[in-house]
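Visitor: The following block contains the structure, expressed as structure tokens.
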Amino acid sequence: MISPGAVDQVFVTLKDWIVFHTPAPLQTLVSIVIEVATIIVVFAALFALATVFERKGLGRMQNRYGPNRVGPFGVFQPIADAVKSLTKEDVVPRAADHVVHYLAPLVLVGVVFLTYAVLPVGRNMTAVNLDAGVLYFFAVGAATELAIFMAGWSSHNKYSLLGAMRAIAQMVSYEIPLILSSVAVIMIAGTLSTVKIVELQARYSNGLAHWYVFTPWGLAGFILFMIAATAETNRSPFDLPEGESEIISGYFIEYSGFKFALFFLAEYLEMFAVSGLGITLFLGGWSSPVSFLAWIPSWLWFFGKLLALLFAFIWVRGTVPRLRMDQLMNFAWKFMLPMTLVTILSAGIWHFLTVAVVGPKPLGGVIRWLVCALVIFVPYITLARVLERGRRIEKRVYRFAE
Amino acid sequence: MTLPFLILAIMTLAGGVAAMTMRRLVHCALALVVSFAGLSALYLNLGAEFAGLAQLLVYVGAIAILIVFAILLTRGGEGEPEGAFSPAGIVGAVVALAVFAVLAWAVETSGVARAGVTVAAPQITMREIGFALMQRYVLPLEVIALMLTAAMIGAVILALREKRNDSAGDSGAAQKQGLRA
Amino acid sequence: MTPLAGCLLVSALLFSVGLAGALTRRSAILVLAGIELMLNAANLNFIAFWRFGAHPEFLTGLIFVIFSIAVAAAEAAVGLALILAIYRHARTSDVSEITEMKG
């Protein structure tokens, strides 16, 4: 009988075995190569899976089939897409700045892959255990904006430049709520290391894990984080930078063939990376929510959560219409930013409402939860009322479609 | 002087030289980014993890974007009529070389360079930096916070569109400019 | 050459490059970029002295660099806002053409 622990650590054991059987001077190199290759292969495969998942899911939501020609239920569609994009002609506009135009997709994909280094995808399965892991993630992720600018500017096309400007404005604006909503977690955990944050959440009391999403500030922070993440990855309803009906395709309008596929890849990878960080910070990383399910391997938990968040992204895309530019900016600065600050305040109150203040466990815990929830809920209602003041919501009138 | 240090130093300096000599402003900005990224890697190489990542976050993520936005908003994308190899450029290069000569002479002759023995990299955790910022250096931290707020308000007011100038699209950029600070 | 001297020389070179750019380039944005380079050279010095200095555990150089980065962010924001304001007045960001003080 194989023990659950052995299954949990099977990939770690395998890597250690391979490294052990290589000559000593090459061991560090082999270890690094294995880690990098695994990340690239696994997440590129997940990208292929996600594209077909997304198209099928969207199809279901829109009462159609989605891709169903290649293979059973269309599951081999990504392979067909890959062949198509690889064999297409690579068109570069004559006026384009060739070097920058060539470099932009490479920089984008490279930078996004770099962020995976600090994601703990399973127990003992983090490529680099940095002491400043979360900071590293945001610092490296900030370079994606520059790659998008390179793509938009070098194409010498007004639509691509407009798309790049929109994308940068949006990403810069939503980066602040994204970082601030993770500050609450960092404050409570007392560390910037992604590994330690997950380990702190993988403890159980009464059979329930200490995930931060189970606290009021964690729940609010998680929702804010995911909204900001949607905007950060330029996904619907925040897909103005691409806005097919307005600026055709935004910053990658002048890209074709394999370079376009790279942009597509980077977009999905960014989504996985930021979802992975959300899982790490709020959803307990690789840990199980209840202690009696802890025998399920840690990496299965991580990827299960990732797929669940992916489904949420697809669901939102199938449901919510695109925002206008002014709505986007107002939402970021007038709603998201104050709410993240309130979340931080609530986390601070949570930290100081210890057992000594609110009393022993069952009742004290409830009081603590309610007080912190109130600290978020009251500003939320007030803010929403202030922002909605003077706006009358009426029954929609359809002028041409009665 | 290890090999990684040498590579990173060359990358930083090449980026800096390219940023100061290239003709198109956007290319200069991108070269500047290479230089900033090289510097942040140098900090990491020297064991200053937090400073290196902060450098990357602020310089590549914010200042480079600001510079690029400013270039586009001032129609500077077309490039300068003359490159760096004008008479003024040569004079500047000579002045810079003289400054470098003086600095190098100072570094070489001072006791600091020769006395500096190779010490083990200090093991600094994020926790220690956090405590230092919150205890010993809390006053400078608050002053910096105040200054950043003042700079943000100042930048917004400066870049706000004036009433008599009616160039469309500037106010949105101004807002972004200031709030990014 | 000791590691410290290497760092100081790199920093001196970077400072000179920034100085040359700030003195000779005509675009105000590049002048600002040159100043940023000089500031970065100073930061590298601080990190080098912290790393190879006598008491790295006091974190003085490191904290100084962190504050310096924050100041640089503010400086860039205000400086570029100024350049934008000047551009709107004078329709140019060429420092050699902005010769009037009358707005």
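Chains as they are written, first to last, in my numbering: chain A, 1 to 402; chain B, 403 to 583; chain C, 584 to 686.
Don't be surprised by glycine CBs; every beta carbon is placed ideally from N, CA and C.
(1) Determine which residues share a DSSP beta bridge with A:A209 and list them.
(2) Less than 8 Å between the CB atoms is what I'm expecting for A:S182 and A:L281, so what's the real figure, rounded?
(3) When the Cβ atoms of the stretch 647-663 of chain C are set against those of the stretch 450-469 of chain B, are three or more pairs found closer than 8 Å?
(4) Output yes or no for whether 8 Å exceeds the beta carbon distance between A:L161 and A:G152.
(5) Less than 8 Å between the beta carbons of C:V661 and B:A557, yes or no?
(6) For the candidate residues A:T87, A:A231, A:F53 and A:V10, whose alpha-carbon lies nearest to that of A:V320?
(7) Within 8 Å (strictly less), CB to CB, does C:A668 reach chain B?
(8) Assign A:W17 to one of two classes, buried (16 or more other C-beta atoms within 10 Å of its C-beta) or exposed (fewer than that).
(9) For the structure I just gave you, are there three or more beta carbon pairs, one from the stretch 92-107 of chain A and one from the stretch 254-271 of chain A, closer than 8 Å?
(10) Residues in its own chain within less than 6 Å of B:E451 by CB, not counting five upstream and five downstream?
(11) For A:D239, which three-state DSSP category applies?
(12) B:P542 touches chain C at which residues, Cβ-Cβ below 7 Å?
(13) Could you tell me whether the Cβ atoms of C:A603 and B:M424 are closer together than 8 Å?
(14) Would you say A:W153 faces chain B, with C-beta separation under 8 Å as the test?
(15) Can you look up A:V41 in the DSSP assignment and give me helix, strand or coil?
(16) Quick check: A:L49 and A:A273, are their CB atoms within less than 8 Å of each other?
(17) Short of 9 Å Cβ to Cβ, which residues in the stretch 551-565 of chain B face chain A?
(18) Would you check if the distance between the CB atom of C:L667 and the CB atom of B:A472 is smaller than 8 Å?
(19) Relative to the C-alpha of A:V75, which candidate in A:R55, A:M61, A:P93 and A:F137 has its C-alpha closest?
(20) Around the Cβ of B:V460, are there at least 16 other Cβ atoms within 10 angstroms (buried) or fewer (exposed)?
(21) Are the CB atoms of B:F438 and C:G589 nearer to each other than 8 Å?
(22) Buried or exposed for C:L645, going by 16 or more other Cβ atoms inside 10 Å?
(23) Please name the residue or residues paired with C:S610 in a DSSP beta bridge.
(24) Applying the criterion that 16 or more other CB atoms from any shown protein chain within 10 Å of the CB defines a buried residue, is B:L548 buried or exposed?
(25) So, is A:T354 buried or exposed, given that buried needs 16 or more other C-beta atoms within 10 angstroms?
(26) Report buried or exposed for B:T476, applying the criterion of at least 16 other Cβ atoms within 10 angstroms of its Cβ.
(27) What does a CB cutoff of less than 6 Å around B:G454 pick up in its chain, not counting 5 residues either side in sequence?
(28) Taking 8 Å as the threshold (beta carbon to beta carbon), is B:A583 in contact with chain A?
(29) Give me, in chain order, the residues of the same chain whose beta-carbon lies closer than 7 Å to that of A:H98; leave out the 5 immediate sequence neighbours on both sides.
Guide: For this structure:
(1) A:Y204
(2) 5 Å
(3) yes
(4) yes
(5) Between C:V661 and B:A557, the CB-CB gap stays under 8 Å.
(6) A:A231
(7) yes
(8) exposed
(9) yes
(10) none
(11) coil
(12) F650
(13) Going by C-beta atoms, C:A603 is not nearer than 8 Å to B:M424.
(14) yes
(15) Helix, per DSSP.
(16) no
(17) none
(18) Yes. Within cutoff.
(19) A:R55
(20) Buried, by the Cβ-count rule.
(21) With contacts defined as CB atoms closer than 8 Å, B:F438 and C:G589 fail to qualify as a contacting pair.
(22) buried
(23) C:D677
(24) It is exposed - the Cβ of B:L548 has fewer than 16 other Cβ atoms within 10 Å.
(25) exposed
(26) buried
(27) Excluding sequence neighbours, B:G454 sits near S442, Y445 and L446.
(28) Unreliable positioning characterises B:A583 in this predicted model, as indicated by a pLDDT of 41, which lies under 50. The coordinate reading is nonetheless provided below. Chain A contact via Cβ: absent.
(29) V92
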